[in-house]
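Residue numbers (the numbering used here), protein chains in the order written: chain L, 130 to 604; chain C, 787 to 876.
Written as structure tokens, this is what we have:
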């Protein structure tokens, strides 16, 4: 019996190296967990049929001495990450039968490392949501309480990992879509610095914000996955060249990073008392460990979520124009081309996707463009600037990850703004491009996970892992 | 926001919508716009947008890609002799 509950990548690697079990046996252990638990969770939409072949290829890497840490690691990918020859639907009806014609760079890197991709996980349709309730394929349930949401949009990946249906999982972030489900499922989730990981082959939502982002049960697991995924990719026009990554990192990383800025003014209202108490307790623990806690002000951060809800729909309405029933995906017959577009998009997109396309069309339309889109882009610049200034004084910025613990299925679905508020503390990192990590920080009295978030300066992802490893010990 | 504004947006976005959805979008838009309108209070007069644009496109020379041609053609909703077939546009 493999103890999947307490397994980490490094433990699995040692065991595989010593021959305590094979890659096939490890994959089978997870397939068994999926068999037992997926029906009630709906974390996976599909388990791939070539898992054991992938495991055998990984085993061959152990045999010939080319195995690396990720070799044989059974993982799950979010349903918007392309894996050649496998379905990728973005949990939308419009891509229900879509088969990826090429590998995303993320998958290419995982394959090269010999990772075993178990299947694709449920998500909010096109990653639009914070609770995995907008999926066209049913809701995913939170393993900590089946009546509650796992967070979203990468809720399937979070639930799969929390229930040991994979050793690690990949999600994507546009605004908190990994950190928020990590918080709701007691996991580590990191949103890396923008475009340190290629977006090539990720079904786009908001290109200026999207980022592949790993979940781990431990900080070290998330770190190993990110090391595997990161790197310059000429296929991604915004990918950051390695020399710029290195130069900026050298400039921004300091030998001793002990100053944590807390913008209390952002969350004294609207955060539940148990989240607030847990956050203060976490901050006290860090203080006792010798971290210096500094009050900071981020005057423009309060506009972050509103600016995000202009920039993101604008990019959504542009990106999703490619789904028109013509080249691939759902196609509804019509009398003429225009009818094919309109009918296919009506039948293929769910309500939240249609709502965001409409909102994006509105903020980009003549007469509103300046008042909304241009203004939001300027606020984004202000936020970037004030965060860069903050990082001259502190090494990290900390807030709770989410203002409240996981909520019940069905809640917030009738009120779009109430749902959007799940990501209020996520927006500054996505708008500024800076890396941010969500770390488990305890449980509510009723046993629901709580989480703390740290943001660092551009390309200081490593500093977040270092801090995270310390916090794991003292929490 | 009125129904006719929703009609215009739906036309621009190329999405058919029934009356019930249009009505609910009117109230959703009121709700969402009143939230995002807080940005009107932000002072951004001193922001100069300098996007520093440069050409990120590659040169127009043939390069091999690992796209699977058959997988792409197989997924055309309608085709004739491996060509994508669409409604006539003229």
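We treat Cβ as the ideally placed atom computed from N, Cα and C, and that holds for glycine.
If you look at residue 191/L, you'll find it in the alpha helix (DSSP H) that goes 180-192. At a cut-off of 8 Å between beta carbons, residue 876/C makes no contact with chain L. Residues 333 of the same chain have their beta carbon placed closer than 6 Å to that of residue 448/L, with the five preceding and five following residues left out of the count. Residues of chain C whose Cβ lies closer than 9 Å to the Cβ of residue 336/L do not exist; the shortest such Cβ separation is about 12 Å. Within the model, the alpha-carbon separation for residue 412/L versus residue 404/L is close to 12 Å.
Residues of the same chain with a CB within less than 8 Å of the CB of residue 426/L, apart from the 5 flanking positions on each side, are 392, 394 in chain order.
Here residue 218/L carries a coil assignment [DSSP, helix/strand/coil]. Of all alpha-carbon atoms in 592/L, 559/L, 543/L, 588/L, the one lying nearest the alpha-carbon of residue 813/C is that of 543/L. Burial check for residue 852/C: the Cβ neighbour count within 10 Å stays below 16, so the residue is exposed. About 5 Å separates the CB atoms of residue 342/L and residue 320/L; that is less than 8 Å, so the two are in contact.
Considering only beta carbons, the part of the segment 839-852 of chain C lying closer than 8 Å to chain L consists of 842, 843, 844, 851, 852, in chain order. In the structure shown, residue 286/L adopts helical secondary structure according to DSSP, grouped into three states. If you look at residue 582/L, you'll find it in the beta strand (DSSP E) that goes 578-584. In this structure, residue 596/L places its C-beta atom within 8 Å of the C-beta atom of residue 525/L. For residue 177/L, there is no enclosing alpha helix (DSSP H), as DSSP marks it with neither H nor E.
For chain L, the residues of the segment 857-872 of chain C that bring a beta carbon within less than 7 Å of one of its beta carbons are 857, 858, 861, 862, 863, 870, 872, in chain order. In the structure shown, residue 384/L adopts coil according to DSSP, grouped into three states. Less than 8 Å separates the beta-carbon of residue 173/L from that of residue 248/L. For residue 215/L, the closest Cβ of chain C is not nearer than 8 Å. Restricted to the segment 326-388 of chain L, the alpha helix (DSSP H) segments that are unbroken, complete and at least 4 residues in length are 348-358, 371-381, listed in chain order. DSSP places residue 561/L within a helical segment (H, G or I) once states are collapsed to three. For the C-beta of residue 833/C, the chain L residues within less than 7 Å are, from N- to C-terminus, 507, 510, 511. Closest in alpha carbon position to residue 204/L, among 156/L, 568/L, 317/L, is 156/L. In the DSSP assignment, residue 521/L falls outside any beta strand (DSSP E) and lies within the alpha helix (DSSP H) extending over 504-522.
Contact check for residue 201/L against residue 152/L passes: the beta carbons are separated by less than 8 Å.
For residue 477/L, the enclosing alpha helix (DSSP H) covers residues 466-477. Distance from the CA of residue 510/L to the CA of residue 834/C, rounded to the nearest whole angstrom, comes to 9 Å. Chain order gives no chain L residues near residue 816/C, where near means a beta carbon separation below 9 Å; the closest approach is about 11 Å. When secondary structure is reduced to three states using DSSP, residue 572/L falls in the strand class.
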